[in-house]
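Residue numbers for the sequence shown follow the working numbering, so the first one is 3 and each next one is one higher. Here is the structure we will look at.
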Amino acid sequence: MFVPRSLKIKRHANGDGKSCVAKIIKSDPEDLQLDKSRDAPVDALVTEAATPPDRHSSESCPFPSPGGQLAEVHSVSPEQGVKDSHPSEEPVKSFSKTQRWAEPGEPVCVVCGRYGEYICDKTDEDVCSLECKAKHLLQVKEKEEKSKLSNPQKANSEPESPLNASYVYKEHPFILNLQEDQIENLKQQLGILVQGQEVTRPIIDFEHCSFPEVLNHNLKKSGYEVPTPIQMQMIPVGLLGRDILASADTGSGKTAAFLLPVIMRALFESKTPSALILTPTRELAIQIERQAKELMSGLPRMKTVLLVGGLPLPPQLYRLQQQVKVIIATPGRLLDIIKQSSVELCGIKIVVVDEDKKLFKPPVLVFVDCKLGADLLSEAVQKITGLKSISIHSEKSQIERKNILKGLLEGDYEVVVSTGVLGRGLDLISVRLVVNFDMPSSMDEYVHQVGRVGRLGQNGTAITFINNNSKRLFWDIAKRVKPTGSILPPQLLNSPYLHDQKRKEQQKDKQTQNDLVTGANLMDIIRKHDKSNSQK
Ligand code: AMP
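Right, here's the structure in full:
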């Protein structure tokens with residue numbers, strides 16, 4: 003059967019995130035039938051990753067504890083949507099073609115590349131439908147058969163399980179036998195600078211790490227033949243469980259340098275989740291997860307979860323509860339999740355103490371041009387980003403408006419979507435970003451709206467969306483915004499409306515100039531006047 007990832011989830015009234023998530027078992031008859039018929043022959047051949055007893059408690063973790071020593075390595079170049087809801091009866095998708103394509107950051111079906119809505123229970127891989135699950139299991143079966151044929155000796159033996167043994171990094175005899183000056187020479191040639199006490203020697207080959215076969219295979223498959231300099235030094239230090247501060251150029255292989263020790267640690271750790279990778283951006287998180295999945299492919303129970311903003315929260319929360327080993331997160335989304343339900347990570351409970359003022363993020367004020375637009379946009383923002391959002395407009399009572407304003411100033415809302423009601427006069431000192439989602443109908447209004455940021459000499463930013471509805475203001479906008487040093491989009495600067503307005507303004511200026519009586523044009527004006535009088 004499938005493990006659907008984005009099922010509706012239930013939250014108990016106690017709000018405790020740990021106990022709040024319950025999977026709804028689907029019993030779609032078609033699903034069962036298809037599953038049965040397609041899985042039957044495959045099941046017999048696919049090795050089930052049986053859940054082993056908790057062999058490695060955190061006390062018996064095969065990795066030495068970090069010991070508080072820091073090794074510094076440099077490589078120098080030469081929803082809120084969690085609501086009480088009724089179980090969704092949405093059936094598991096049978097065919098790949100009925101599944102949508104994945105949004106950036108969403109899991110991708112390993113077979114067809116569409117949205118990987120489900121997790122295959124046999125392999126932990128992402129699949130989009132029953133059809134692709136069956137295909138995926140067939141591919142796995144074929145792969146296994148091929149490897150049995152190419153290595154018959156191995157076929158008769160028990161399938162290798164990397165969890166059969168614990169893992170302790172030991173310097174490879176080849177590295178041990180090198181002279182100290184050979185090591186120094188190597189580091190110098192590769193630009194490896196190391197600070198810290200008793201930092202272990204670099205490896206020269208991935209084989210020197212004695213990784214499980216599957217991992218060695220994945221490295222080769224990803225084209226990693228030899229480690230890069232940052233990997234040579236960081237991997238053995240990381241495998242020893244020491245803290246590392248590392249710096250190296252972009253593209254030098256830093257991701258795998260930290261991922262490989264993380265994978266090895268997580269592999270032998272029974273607690274879930276066992277690793278947290280924090281990255282500043284969603285794009286980076288997506289990239290890291292992709293690389294992690296490549297390297298973890300075929301390793302048992304190595305699920306990952308991506309906790310990033312800009313995507314619905316419930317599927318991420320749901321996946322987080324599925325015994326994932328590695329979390330890859332951006333700080334904002336992680337904080338939102340921890341606020342709702344503290345996360346236990348390798349025995350360490352991460353809790354946000356309270357709505358600490360230090361964590362206060364300045365709210366975003368969004369202006370739209372109608373009440374319905376404010377309500378709809380606020381709802382959409384909350385649904386899609388999980389940010390706490392509210393709308394304010396003239397249809398809300400005075401008390402409601404007062405409470406919203408209070409909440410805005412006290413940081414209760416991350417986004418406030420407003421019609422013109424908040425556009426003037428108020429000193430919203432906590433607002434640092436204004437978004438004119440709809441460009442106001444006059445420049446006067448616009449100036450007031452963007453003026454809600456940067457109060458009391460503070461810096462602020464305004465983002466304004468314009469389209470043809472505000473074309474009559476193009477030249478005025480350009481004139482107003484250009485002196486602030488902001489970069490204006492070429493679509494605006496090249497717009498024929500803008501040029502037309504500019505030309506008309508220049509003509510008008512010229513006309514005004516002509517109408518002015520000066521010493522230079524005085525005689526001309528008198529002559530013109532005389533001429534028209536005599537004609538009369
Ligand atoms: P990174 O600096 O981690 O962003 O890695 C840059 C690129 O190098 C990525 O596409 C990696 O997949 C690739 N890469 C990382 N380590 C190796 C290696 N040892 N051999 C070949 N390619 C690698």
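The C-beta atom is built at its ideal place from N, Cα and C for all residues, glycine as well.
I'd like the list of long-range same chain contacts for residue i, defined as Cβ closer than 6 Å, with 5 residues on each side in sequence excluded.
i, result
"Q235", "V75, I194 and P204"
"L217", "none"
"T520", "none"
"S224", "E296"
"H174", "H210"
"L221", "F208"
"G69", "Confidence at G69 is low in this model, with a pLDDT of 42, below 50, so the placement of that residue is unreliable and no value is reported for it."
"A310", "Note that residue 310 is Val in the sequence shown here, rather than Ala. Answer for V310: G107, R284, A287, T332 and R335, listed in chain order."
"P109", "G118 and D128"
"K135", "C122 and V129"
"R40", "Annotation note: pLDDT 33 at R40 (below 50); position unreliable, coordinate value reported separately. Excluding positions up to five away in sequence, the list reads A136."
"I465", "V437"
"L367", "V418, V433, V436 and R454"
"Q95", "Before going further, note that residue 95 is Lys rather than Gln in the sequence given. Q101 and S131."
Between the options, which has its C-alpha nearest residue i's C-alpha?
i, options, result
"I246", "K137, G253 and L261", "L261"
"N187", "I206, C114, R292 and G198", "I206"
"M298", "G311, A268, T274 and P333", "A268"
"T202", "M304, K143, S380 and E182", "E182"
"I177", "H210, S149, K341 and E146", "H210"
"V142", "N535, E127 and S152", "E127"
"G198", "R244, K504, K172 and S212", "R244"
"L132", "E147, C114, E146 and E144", "C114"
"S380", "R102, K398 and V419", "V419"
"S212", "D251, L180 and K172", "K172"
"E215", "A248, F97, I527 and P302", "P302"
"G253", "E507, P229 and N496", "P229"
"Q293", "Y226, K510 and P364", "Y226"
"P317", "F97, I121 and T514", "I121"
"L313", "V383, K150 and P238", "V383"
"V326", "K99, V366, S276 and P364", "S276"
"W103", "L242, R116 and F97", "R116"
"V196", "P231, K145 and N461", "P231"
"V328", "L378, P365, A376 and T274", "T274"
To which residues of the same chain is residue i closer than 7 Å at the C-beta, ignoring the five residues directly before and after it?
i, result
"Q451", "F369, G425, V436, N438 and P442"
"I290", "T257, I279, T281 and I330"
"D45", "Below a pLDDT of 50, predicted positions are generally treated as unreliable, and D45, at 26, falls in that range; the measurement from the model is reported next regardless. So the list is empty, once near-sequence residues are dropped."
"K484", "L490"
"Q233", "G255, A258 and A259"
"S472", "M441"
"V23", "Note that V23 has pLDDT 26, beneath the 50 cutoff, so the model's placement of it is unreliable and no number is given."
"P164", "Confidence at P164 is low in this model, with a pLDDT of 46, below 50, so its placement is unreliable and the value that follows should be read with caution. Result list for P164: P214, V216, L269 and L301, in chain order."
Within the continuous alpha helix (DSSP H) that includes residue i, where are the two ends?
i, result
"I232", "P231 to L241"
"V417", "Per DSSP, V417 belongs to no alpha helix (DSSP H); it is in the beta strand (DSSP E), V417 to S420."
"T252", "Run containing T252: none; DSSP gives neither H nor E here."
"S276", "Neither: S276 is in no alpha helix (DSSP H) and is coded neither H nor E."
"S380", "K373 to T387"
"L407", "Q400 to E412"
"L336", "P333 to Q342"
"V449", "M445 to V452"
"I322", "According to the sequence shown, residue 322 is Leu rather than Ile. Counting along the chain, the alpha helix (DSSP H) containing L322 begins and ends at L315 to L322."
"L424", "Taken as a continuous stretch (DSSP letters only), L424 belongs to no alpha helix (DSSP H), as it is neither H nor E."
"I465", "No alpha helix (DSSP H) holds I465; the beta strand (DSSP E) holding it covers T463 to T466."
"L286", "R284 to M298"
Since residue i is in the beta strand (DSSP E), which residue starts that stretch and which ends it?
i, result
"L180", "Counting along the chain, L180 falls outside any beta strand (DSSP E), and DSSP gives it neither H nor E."
"T306", "T306 to L309"
"A268", "From DSSP, A268 is part of no beta strand (DSSP E) but of the alpha helix (DSSP H) over K256 to L269."
"V368", "V366 to F369"
Taking 8 Å as the limit between beta carbons, can you name the residues of its chain near residue i, skipping five residues before and five after?
i, result
"G240", "I246, A259, F260, L262, P263 and V264"
"I406", "I392, I394, K398, Y415 and V418"
"N396", "With the sequence shown as reference, residue 396 is identified as Ser, and Asn is not the correct amino acid for it. The answer, listed in chain order, is K373, T421 and V423."
"R403", "I394 and V423"
"R474", "Y499 and Q503"
"R529", "none"
"L494", "I468, F476, I479, A480 and L500"
"T100", "S131"
Between residue i and ligand 3, is there a pair consisting of the residue's CB and a ligand heavy atom that are separated by less than 8 Å?
i, result
"P485", "The ligand content of the structure shown is limited to ligand 1, which means ligand 3 is not among them."
Completely contained beta strand (DSSP E) runs for the segment 186 to 232, where each covers 3 or more residues: 194 to 197
Alpha helix (DSSP H) runs contained entirely in the segment 86 to 160, provided each spans 4 or more residues: 132 to 152 and 154 to 158
Beta strand (DSSP E) runs contained entirely in the segment 470 to 537, provided each spans 3 or more residues: If we require 3 residues or more, the segment 470 to 537 turns out to have no beta strand (DSSP E) run fully inside it.
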